[in-house]
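Some notes on the structure that comes next.
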Amino acid sequence: MLAIGLTTTLIGSSVKAACAFLPPVGGDGSSDIVKKRVGKPKLLGRTNWNTDFAVNGVYRSYKLFFTADSTASGTYPVEAYLKFTDGSNLRVVQESMTPPIGTGRMFGPFSAPDGKTVSQINFKIGTGSDPDSTGFSYRISVQGCN
150 MLAIGLTTTL IGSSVKAACA FLPPVGGDGS SDIVKKRVGK PKLLGRTNWN TDFAVNGVYR
210 SYKLFFTADS TASGTYPVEA YLKFTDGSNL RVVQESMTPP IGTGRMFGPF SAPDGKTVSQ
270 INFKIGTGSD PDSTGFSYRI SVQGCN
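Just so we're on the same page, our numbering is the position in the sequence shown counted from 1, plus 149.
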């Protein structure tokens, strides 16, 4: 049997990274898109502001997606963190957004610093410092890309 070696040269072409949605931690496996409503600050117990996504493979970068679902226009305090296997984290997003319904934003792509391995991505929507955001609904998701 004769083996033939082929060399392919791409001229003027860009290769796009393959991306996969990451599953939300604690999700039921039915969707990689999380739908939530900004909750009120609590004196005791946990708010619903934080959502973690599990990093289930090795990725070069991460894209984070946010979409407003509320019919009323409002300000969404948005923060996002890369969480690392050594217990540390890196904030990659901190802003307030006022998108119309059905619109949003992609954040990233973000890569881990050298020597760090990402274990989870954390989205935090809503804060006690902006009670006017209470009640607004949204969708979030995260992709890992190679």
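Glycine included, every Cβ here is placed at the ideal spot set by N, Cα and C.
query: Distance CB(THR216)-CB(THR252) smaller than 8 Å; result: yes
query: Cβ-based burial, PRO249 [other Cβ within 10 Å; buried from 16]; result: exposed
query: Inter-stretch contact (C-beta, 8 Å, three-pair minimum) for the segment 226-238 and the segment 257-273; result: yes
query: Residue ranges of each beta strand (DSSP E) within the segment 177-261, 3 or longer; result: 183-186, 199-203, 210-217, 225-233, 238-246, 253-259
query: Where ASN271 falls, given that 16 or more other Cβ within 10 Å makes a residue buried; result: buried
query: Test: ASN205 CB closer than 8 Å to a CB of chain C; result: As a matter of chain content, chain C is missing from the structure shown, which is built from one protein chain.
query: Helix, strand or coil at ALA167 [DSSP, three-state]; result: coil
query: Sub-8 Å separation of LYS185 and SER286 beta-carbons; result: yes
query: Cut-off 6 Å between Cβ atoms - residues of its own chain near THR156, not counting five sequence neighbours on either side; result: Caution applies to THR156, whose pLDDT of 34 falls short of 50 and renders its modelled position unreliable; the value that the coordinates give is listed next. Excluding sequence neighbours, THR156 sits near nothing in its chain.
query: Minimum C-alpha distance to PRO226 - residue among GLY175, LYS273, PHE170, CYS168; result: LYS273
query: Nearest neighbour of ASN197, chosen from GLY284, PHE170, THR220, ALA203 [CA to CA]; result: GLY284
query: Closest Cα partner of PHE202 within the set ILE289, ASN295, CYS294; result: ILE289
query: Through-space distance from GLU244 to ARG254, alpha-carbon basis; result: 12 Å
query: 8 Å Cβ cutoff met for SER210 and PRO258; result: yes
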